[in-house]
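Single-structure report; data block below.
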Amino acid sequence: MEICIDDLAGALVAERAGAQRVELCADLVEGGTTPSLGSLRAVARETSTIGIQVMVRPRGGDFVYSAAELAVMCLDLEQIRAVSETIPGRIGVVLGALTTGHRVDVAAMRQLIAAAGELPVTFHKAFDETGDLAASYDVLAGLGVTAILSSGGAPTAEKGAAALKLLIERSASGPRMLVGGGVRPHNVRALVAATGAGEVHLRAQVPSARGDGTLETDRALVEQLIAAVGPAAAPDIEAVLALDIGGTNLKGAVVDSLGRVVLAETLDAGASGDESLERVRTLLLRLKQHASEAGWNVIGAGVVTPGIIDPATGTVRYASTLEWTNVALGPVLSADLGIPVAIGHDVRSAGLAEALFGASAGVSNSVLVAIGTGVAAAILSTDLPVVGHLTSAGELGHIPALPHGEDCTCGQRGCLEVYMSGAGLARRYQALGGLDSLTAAEIVERQGTDAVARRVWGDGVEALALGLKTVTLLLDPAVIVLTGGVSRAGAALLDPVREQLAAALAWRSAPPVETSVLGTSGSRIGASVLAFRAAGRPDTPAEWMLDNLLGHPTESLVPALPAASRKN
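Quick look at the structure:
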């Protein structure tokens, strides 16, 4: 669902109502022109998950542009690219150029696409003025555009439904088709059914409360549209189950072929290993049942868990937080569900997702470091995950960052996670005389006023920088990505770690150290990828877009299970 907006208020309404994207414009009276840089920055700053498609159009009127106008558009694209670097993966651009003969202006488009760089490009409704839509589609496919907005060459998408159906069928191996033009709650369901559309676009505006003739985005209209085009509008669409098993909870989801979460439920883990296993089985069965009732054809499942995993047999060899030893999780779940089930490591799966869609996308060698209650790493070398002989590669939290340091619960001394993990920071703060019981986030907040907090954080940063030095010299990654709760410290973590890592590497440059784009969704996205691979659809995730991956259903559709009684 993409909502055409012209202000920050419209973006907030669209995101809160459950839309996946906005098209940000100025001057919608003229059909939309390039918004101000301030408007774009405000929308990027104030929204969190929604995709932002930015209109690049210097004026109203036709789509035949002079050299001077193209130069301005290219400069606008450079500015948009700069903003996109602050929120990787969430920004795309919408543009189009025609010749005086109403054909795609190939030379102009090449110039604009080059200026857009890595930003995905959508060709706007100028497409409908080209006459021969099929030929224009092929031209745009050759230019490498990502998507095309169209009403099928007709005044409305309803009237152009037959042409749209053919274009959408064509899009199986080319740019996606975004259907727009007169889309409303009363007709969207039939339009989706008639065309096979997976994405729709509309301007959901009504007269503003100011009474001055201006318009505002209407949340009720967006919500009505989303309700009208729910999963039941397209029955028997393929989807998978994705489950992220944590030490304290189970996060389950039904994910469609566009990477979108369409059903979700989170449960407490059990009070014992046996109870946790039963709750995993129950949750997945419930999710599959409700997905089937809503019209989804569930073809596979991906389950990711902490511990030592044998992905070939689907066995969890050992997971201390779950009290599991040699649990044949894959075979058990596959027998329950009647579908292929892939079992993976939670952090390794998050690293796979980050490499496909996040901060390490586009590089072949990367390391994802998850800093939460403990510390673990996912290593990708020449695009392949490093698993290790015992399938336990990546235990970064237990490398000796300070060899003669404090005791670790694992039996070793000076482990990294003693100093830089959520549990380690909290424990050391109290052990060194801290007056309160603080979380890692609170320790960061008190850097300027609390000497103990400052010492504990400083020791943690030093240990992490030394750990990343070892990672750099051993693995030579193109980028190191930090994720997990502690990574949300932002500049308080990144700035000193980058500085100390650079200083520690005397004869080589330090790799970039970035924070995760996918955040807490990384393991679930990785599980979804594993599920489609297990189901024999390995190419499905290749076209996933970040705004779809990070979106959430407006509400859970799975009845809650009773909470477990957790042990202290």
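Here the sequence shown stands for residues 25 to 592, numbered as in the numbering used here.
Glycine included, C-beta positions come from ideal geometry on N, C-alpha and C.
Asked	Found
Quick check on the DSSP output: the alpha helix (DSSP H) that includes H314 runs from which residue to which?	297 to 317
When the Cα atoms are used, what is the spatial distance from R40 to I29?	14 Å
What's the gap between the Cα of G448 and the Cα of P409?	28 Å
Just the C-alpha distance for S580 and L267, rounded to the nearest angstrom, thanks.	Here the model assigns S580 a pLDDT of 43, short of 50, so the residue's position is not dependable, and the following value carries that caveat. Between S580 and L267, the C-alpha separation is close to 15 Å.
Helix, strand or coil for H422? Go by DSSP, reduced to three states.	helix
Can you name the start and end residues of the alpha helix (DSSP H) that T219 belongs to?	212 to 219
Let me check one thing: in DSSP terms, what residues is P409 bridge-paired to?	L404
Less than 8 Å separating the Cβ of I27 from some heavy atom of the ligand NAD?	This structure does not include the ligand NAD; it has no bound ligands of any sort.
Quick check on P259: buried or exposed, where buried means 16 or more other Cβ atoms within 10 Å of its Cβ?	Annotation note: pLDDT 39 at P259 (below 50); position unreliable, coordinate value reported separately. Label assigned to P259: exposed.
Are there three or more Cβ pairs, one per stretch, closer than 8 Å when the stretch 32 to 48 is compared with the stretch 269 to 277?	no
Taking the C-alpha atoms as reference points, what is the distance between P209 and A221?	15 Å
Whole angstroms are fine: how far does the CA of R310 sit from the CA of A257?	For A257, the predicted model reports a pLDDT of 40, less than 50, meaning its position is unreliable and no value from the coordinates is stated.
Using three-state DSSP, classify D260 as helix, strand or coil.	Any answer about D260 is weak, because its pLDDT of 45 lies below 50 and its placement is not dependable; what the coordinates show is given next. The answer is coil: DSSP assigns D260 none of H, G, I, E or B.
Between the C-alpha atoms of Q3 and N211, what's the straight-line distance to the nearest angstrom?	An answer regarding residue 3 cannot be provided, because it is not within the stretch 25 to 592 covered by the chain.
Roughly how far, in whole angstroms, is the beta-carbon of A516 from the beta-carbon of L265, given that I think they are within contact range, below 8 Å?	38 Å between Cβ atoms; not a contact.
Does V387 get closer than 9 Å to chain C when you measure Cβ to Cβ?	Looking for chain C here will not work: only one protein chain is present.
My assumption, with CB atoms under 8 Å, is that V285 sits in contact with W320. Please give the rounded CB distance.	Incorrect: roughly 12 Å between the Cβ atoms, too far for contact.
Could you tell me which uninterrupted alpha helix (DSSP H) segments, each at least 4 residues in length, are contained entirely in the stretch 432 to 463, listed from first to last along the chain?	440 to 443, 446 to 455
Compute the Euclidean distance between the alpha carbons of L301 and P565, then round it to the nearest angstrom.	28 Å
If you draw a straight line from the alpha carbon of D563 to that of T290, how long is it in whole angstroms?	28 Å
Would you kindly check if the distance between the Cβ of P424 and the Cβ of H369 is under 9 Å?	no
Take G85 and list the residues in its own chain whose beta-carbon comes closer than 8 Å to its own, dropping the five residues that flank it on each side.	E54
Which term fits N350, buried or exposed, when burial requires 16 or more other beta carbons within 10 angstroms of its beta carbon?	exposed
Exposed or buried, which one is I27 when buried takes at least 16 other CB atoms within 10 Å?	buried
Quick check on DSSP: helix, strand or coil for P355?	helix
To the nearest angstrom, how far is it from the Cα of V118 to the Cα of H428?	57 Å
Can you list, in chain order, the residues of its chain whose CB lies under 8 Å from that of Q436, leaving out five sequence neighbours each side?	H422, P424
So the candidates are E102, A106, L307; which of them puts its Cα closest to the Cα of A139?	E102
Count the other CB atoms, across all protein chains shown, that sit within 10 Å of the CB of G560; report buried if there are 16 or more and exposed otherwise.	exposed
What distance in whole Å lies between the Cβ atoms of V537 and R522, which are believed to be in contact at a cut-off of 8 Å?	5 Å
From the DSSP output, in three-state form, read off M133 for me.	helix
When the distance is taken between beta carbons, is A68 closer than 9 Å to V60?	The sequence shown places Ser at residue 60, not Val. Against a cut-off of 9 Å, the Cβ pair of A68 and S60 comes out as no contact.
Give the single residue among F147, A487, R127, A464 whose Cα lies nearest to the Cα of P520.	A487
Thinking C-alpha only, which one of T238, G398, I395, E378 is nearest N389?	E378
What first and last residue would you give for the beta strand (DSSP E) that runs through C28?	26 to 29
Under 8 Å: do the stretch 234 to 243 and the stretch 191 to 210 share three or more Cβ pairs, one atom per stretch?	no
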